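>
Protein chains: 2
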Amino acid sequence: MSETPEKRLRSRRLSSGGVRMVDVARRAGTSTQTVSRVLSRPELVADETRKLVEQAIRDLNYIPNSAARLLASSVSHIVAVIIPSLSATVYAQEVHHIVRVLEEHSFSVVIGHSDYSELREERLVQSFLERRPDGFILTGTQHTDLTRQLLRNSGVPVVETFDGDNAAMDTSIGFSNFEAGRRVAELFLSRGLTRIAYVGGRRDQDFRSNARFDGLRSRLNEEGLAPVARVELTLPMPAGDGVRGLDRVLAIDPLTQAIFFSADNLAISALLECNRRGIRVPEQLAICGFGNYDFADAVVPSLTTVSVPFEEIGVLAANAILARLDGTTKGPSQTIVPLQLLRRGSA
Amino acid sequence: MSETPEKRLRSRRLSSGGVRMVDVARRAGTSTQTVSRVLSRPELVADETRKLVEQAIRDLNYIPNSAARLLASSVSHIVAVIIPSLSATVYAQEVHHIVRVLEEHSFSVVIGHSDYSELREERLVQSFLERRPDGFILTGTQHTDLTRQLLRNSGVPVVETFDGDNAAMDTSIGFSNFEAGRRVAELFLSRGLTRIAYVGGRRDQDFRSNARFDGLRSRLNEEGLAPVARVELTLPMPAGDGVRGLDRVLAIDPLTQAIFFSADNLAISALLECNRRGIRVPEQLAICGFGNYDFADAVVPSLTTVSVPFEEIGVLAANAILARLDGTTKGPSQTIVPLQLLRRGSA
DNA sequence: TGATTTGGTGTTAGCGCTATCAAAAGCACT
DNA sequence: AGTGCTTTTGATAGCGCTAACACCAAATCA
C-alpha cells in the first residue's frame, strides 16, 4: 500500500492550483474566517490582526477563488451585458462606459452578442444564468417569452437600454426613437421638403429603427404626407450600405428631396457619395443621420443628425444595476434620456 | 424548540435560488452523477436514461451552477480579455470576433479596460485571476513584472495581440508595427517626398505607435533623412485630435510634405480639414493613415492607409486559446499576420 | 463452464469559501 | 465580584457540483 487514498487526494488538491485561504490563515496564526473577514469586511477585524493577515496574503501571493465565494455567499460580482454587436460603435461605446463604471465597483462584465436575433439572445441569457450574475443589461425591449420568464424567475435585476418607447420588464434606460423620427420629419418639413425617404435596418431585425420610421411617418401623416420610400437593409450595416441605401431610394423615387438614415455611418457614406456624384447637399438632397458619430461634423457639408448620449446611457445602466444591488432602489423604473437634433449643413 | 438548526439551514438553502442537480436526479430517478454526465458527456449515458434526465431538466427549468462546477472541476469556461479601451474601434472589432468565436465554444468572455496603463492592467489581471479563467488575451507585450509573474504562476494560457515586434510571454498574434512604419516611409520616399512628419500617441502610453514611428525613422535614416516632426497626443485620441496633430506639425515645419498618422480617424479628420482649408492633398500634403477604418476609402481623396486584419487577429487569438485548452498546441508560439499598404488618393 | 471485459450507474469525498452561531476577551458600571 | 455590553475571534456546517472509484449486469472470450 504505497498509495493511500489520502495521498492521492492530497496530490489532486495541490495540483488544483495553489494557495488557499487556510494557508493564509495558518501563516497569520488565525482562522480562515478571520482571513475571509479581512477580505470582505476589514472593519470588523482588529488592526493588528488585519495587518498580520494582509502580510500573509502578500507573502503567499494568495488569490481568492471567486467560485468558492459565490457558492458560499450567492454573490457573483458579475454583470451580464447582451448587445447586438460590438462592431457597431453605438454599442461598443455604451459597453465601454458600463465596463468603466462597474470596474470601479469591482464587478466583472461578461459580454454576449445577440446578432440582432431574439433567439440568440435567449440562448445567451440561458447560458449566462449559469454564472448567477448579479445583474443583466439588455438592449431593447424585444425578447422571447422564455427570455422574460427565465429572467423573471431568476430574480436578477434587469436593465433594458435604447428603447424608451415600449414597456420594459424591470428597469429601462432609453430614449424615444419615435420622437426622434418625428423631430427629423419636423426639420425636413420646416425646410419645405415633402418627398422624404427613410433608410434603415430590416423591419424584423431592427425594432428601434422601426420606431424611428414610425415617428417620421406619423409626423408626415399629420401634414397629409407619406414617406416616398423606405429602404430596409440587412443588419449589420457597414458604412458602405449607405451608398446602397441612397441608390435604392433614388431608384424608387428619383425626385426624393430628403433622406433620414437610421445611423450616421450610412448617412456619411451617402453624403460623401453625393459629393462624388455631384448631387448637391442639401439643396438637391437633404440628409439627416442618427447618432452623431465621429466624423459627422467633419465632413462637408457637416452632417445634420440626432445626438444620442451613449455614454450617459451606459453610465445610467451600470448605476441602475448598482443601485438595485445595494438596495438604494427597489422596483422597476423608466428613465428617458433626452435626444438633441443637431442642425448642421446637410439639412 | 420550534426552529431546529436543520429547519433554518434548509430554508436558507431553498431561498438561495432554486432547482439543484439533486432535484433533477430525484425526478429522473437517477443519481446526480448521471445528471452531471448528461450535461457534460452525454455519450456515456444510455439513451433511455438520458432522455429521462433531459425531460426532468426541462420540467424543472434546471439551470446548472457554474461556480459549483468550477469548484469541483477547476474549469471555468471563462476567457479574460484586456484591451486599452472599447471606444477605439480597433479593439472593439477585435473583441467582437473574439467573443463571436468563443461563444460558439460556450466560453464566456469577461472584459477589462487597461486605459493604456500597465498598472491598471496589472490590477485587472489580479482581479480576473480570482475567477480562474481558462485563458487570458492581452493587448501588446508591455506589462509590469508583477503582471508577468502572476500570469506565469497561474499557469493559464496567455495570448498577446497587436505586437509582432517584441517577445511575447507565451503565445502572440500580431503584426509588425515597425515594418508598417518602414513601408509607409518607403511609399513617401518613392513619391520623392522628404519632409515627413509623424502624429501618434504619447511615447509613454502607446508603445505600438512608437514602433511605427521607429520603423518610419529607420527607413528615412537609410536615406540620410529624419522625420521633420513627431507629435505626441494623449490617449485616447478622438477623431478631432487629427486636426490638432495637423496644426502642431505645420507649426513645427510649415513645409511638411507628408504626414503619417498612427490611426485612420486622425488621418481622416486631418484630411477633411485640409479640404476645408484648401490645402491640396496629396500635391501639397500627402497623408497616410493606419487601420483602414470605415470611411477611409469614402473620403475625397480616398485615404492611403495600412490595412490591419483586426478580424483575423481576434479569430486567431480566440483559436489560440482554444487550441491550448484542448491540448492541440502546447508551448509558446508567435504568429505574424500580414499588413497591406493600400495606396489610394491621399498619398 | 468460468474468467474477463464492457457499458452503465451509484457512492463517497472533497473543491475553497462564507453564514451562522458560540464563545472569549475587554470594558464600564453597579 | 458580578452584570451586561461591545468587540473580536473561532468552530462547524454547508453552498452545488464533479473526480475517482466501486459496483453490477450483460456481453464476450477462452
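In order, the protein sequences belong to chains A and B. In the working numbering, each number is its position in the first sequence, counted from 1, plus 229. In the working numbering, each number is its position in the second sequence, counted from 1, plus 229. Virtual Cβ for every residue (Gly too), placed ideally from N, Cα, C. The structure displayed is predicted, hence computed values, not measured ones.
Within 10 angstroms of its Cβ, does R298 (chain B) collect 16 or more other Cβ (buried), or is it exposed?
buried
> Alpha carbon to alpha carbon, how far is A254 (chain B) from I292 (chain A)? Give it in angstroms, no decimals.
34 Å
> In chain B, which residues lie less than 9 Å from G341 (chain A) when you measure between Cβ atoms?
V328, E332, S337 and V338
> Tell me the residue span of the alpha helix (DSSP H) that contains T263 (chain B).
Per DSSP, the continuous alpha helix (DSSP H) segment holding T263 (chain B) begins and ends at T261 to S269.
> Quick one: complete alpha helix (DSSP H) runs, 4+ long, within the segment 403-460 of chain A?
Qualifying alpha helix (DSSP H) stretches, in chain order: 406-419 and 436-451.
> Using 8 Å as the threshold, is the segment 329-337 of chain B in touch with the segment 370-384 of chain B, meaning 3 or more CB pairs across them?
Contact fails: fewer than three Cβ-Cβ distances are below 8 Å.
> Under three-state DSSP, which class holds R573 (chain A)?
coil
> If you measure from the beta carbon of E359 (chain A) to each beta carbon in chain B, is any gap under 7 Å?
yes
> Taking the C-alpha atoms as reference points, what is the distance between S343 (chain B) and P538 (chain B)?
22 Å
> Taking the alpha helix (DSSP H) that L367 (chain A) belongs to, which residues open and close that run?
First-last for L367 (chain A): G364 to T368, but that is the beta strand (DSSP E), not the alpha helix (DSSP H).
> Determine the extent of the alpha helix (DSSP H) in which G471 (chain B) is found, giving its start and end residues.
D470 to I481
> Please report how far the alpha carbon of D476 (chain B) lies from the alpha carbon of I497 (chain A), in whole angstroms.
25 Å
> Using 8 Å as the Cβ pair cut-off and three pairs as the minimum, do the segment 541-554 of chain A and the segment 362-369 of chain A touch?
A contact exists between the segment 541-554 of chain A and the segment 362-369 of chain A.
> Taking only beta-carbon positions, decide if D476 (chain B) is within less than 7 Å of chain A.
No, D476 (chain B) lies away from the interface with chain A (no Cβ there is under 7 Å from its Cβ).
> For the alpha helix (DSSP H) that contains Q322 (chain B), what are its first and last residues?
DSSP places Q322 (chain B) inside the alpha helix (DSSP H), whose first and last residues are T318 to E333.
> Of the residues that make up the segment 478-499 of chain B, which ones have a beta carbon closer than 8 Å to any beta carbon in chain A?
N494, I497 and S498
> Going by C-alpha distance, which of A:P456, A:L281, A:A440 and A:Y345 is nearest I425 (chain A)?
Among A:P456, A:L281, A:A440 and A:Y345, the Cα nearest to that of I425 (chain A) is on A:P456.
> Please list the terminal residues of the continuous beta strand (DSSP E) segment that includes E389 (chain B).
V387 to T390
> Taking 7 Å as the CB-CB limit, is S295 (chain B) close to chain A?
yes
> Considering just the uninterrupted stretch of the beta strand (DSSP E) at F489 (chain B), what are its terminal residues?
A487 to F490
> What is the rounded straight-line gap between the Cα of A396 (chain A) and the Cα of G560 (chain A)?
Answer to the nearest angstrom: the Cα atoms are 14 Å apart.
> Output, in chain order, the set of chain B residues within a Cβ distance shorter than 8 Å of A468 (chain A).
D523, F524 and A527
> At what residues does the alpha helix (DSSP H) containing I497 (chain A) begin and finish?
D493 to R506
> Are the CB atoms of G430 (chain A) and L464 (chain A) within a distance shorter than 7 Å?
yes
> Once DSSP output is grouped into helix, strand and coil, what is the label at T373 (chain A)?
coil
> Give the residues from the segment 348-372 of chain B that approach chain A closer than 8 Å (Cβ to any Cβ), ordered along the chain.
Taking 8 Å as the Cβ-Cβ cut-off against chain A, the residues of the segment 348-372 of chain B that qualify are L353, Q355, S356, F357, L358, E359, R360 and R361.
> In three-state DSSP terms, what is V354 (chain B)?
helix
> Where DSSP assigns a beta bridge to Q587 (chain B), which residues make up the other side?
As shown, chain B starts at 230 and ends at 576. That puts residue 587 (chain B) outside it, with no answer to give.
> Strictly below 7 Å CB to CB, what residues from chain B border S314 (chain A)?
H325
> In terms of residues, what are the limits of the beta strand (DSSP E) holding I542 (chain A)?
Counting along the chain, no beta strand (DSSP E) covers I542 (chain A); the unbroken alpha helix (DSSP H) around it starts and ends at F539 to L554.
> So with Cβ pairs under 7 Å, would you call R237 (chain B) a contact of chain A?
Confidence at R237 (chain B) is low in this model, with a pLDDT of 37, below 50, so its placement is unreliable and no value can be given for it.
> Under three-state DSSP, which class holds A525 (chain A)?
coil
> Taking a Cβ distance cut-off of 9 Å, strictly less, list which residues of the segment 382-398 of chain A are near chain B, in chain order.
Within the segment 382-398 of chain A, the residues whose Cβ lies closer than 9 Å to some Cβ of chain B are N382, S383 and G384, listed in chain order.
> Could you give the distance in angstroms between the alpha-carbon of A179 (chain A) and the alpha-carbon of V267 (chain A)?
In this structure chain A extends from 230 to 576, so residue 179 (chain A) is not present and cannot be described.
> With 7 Å as the threshold, decide whether the Cβ of Q322 (chain A) is near any Cβ in chain B.
yes
> So, with DSSP's three-state summary, where would you put L379 (chain B)?
DSSP places L379 (chain B) in helix when its eight states are reduced to three.
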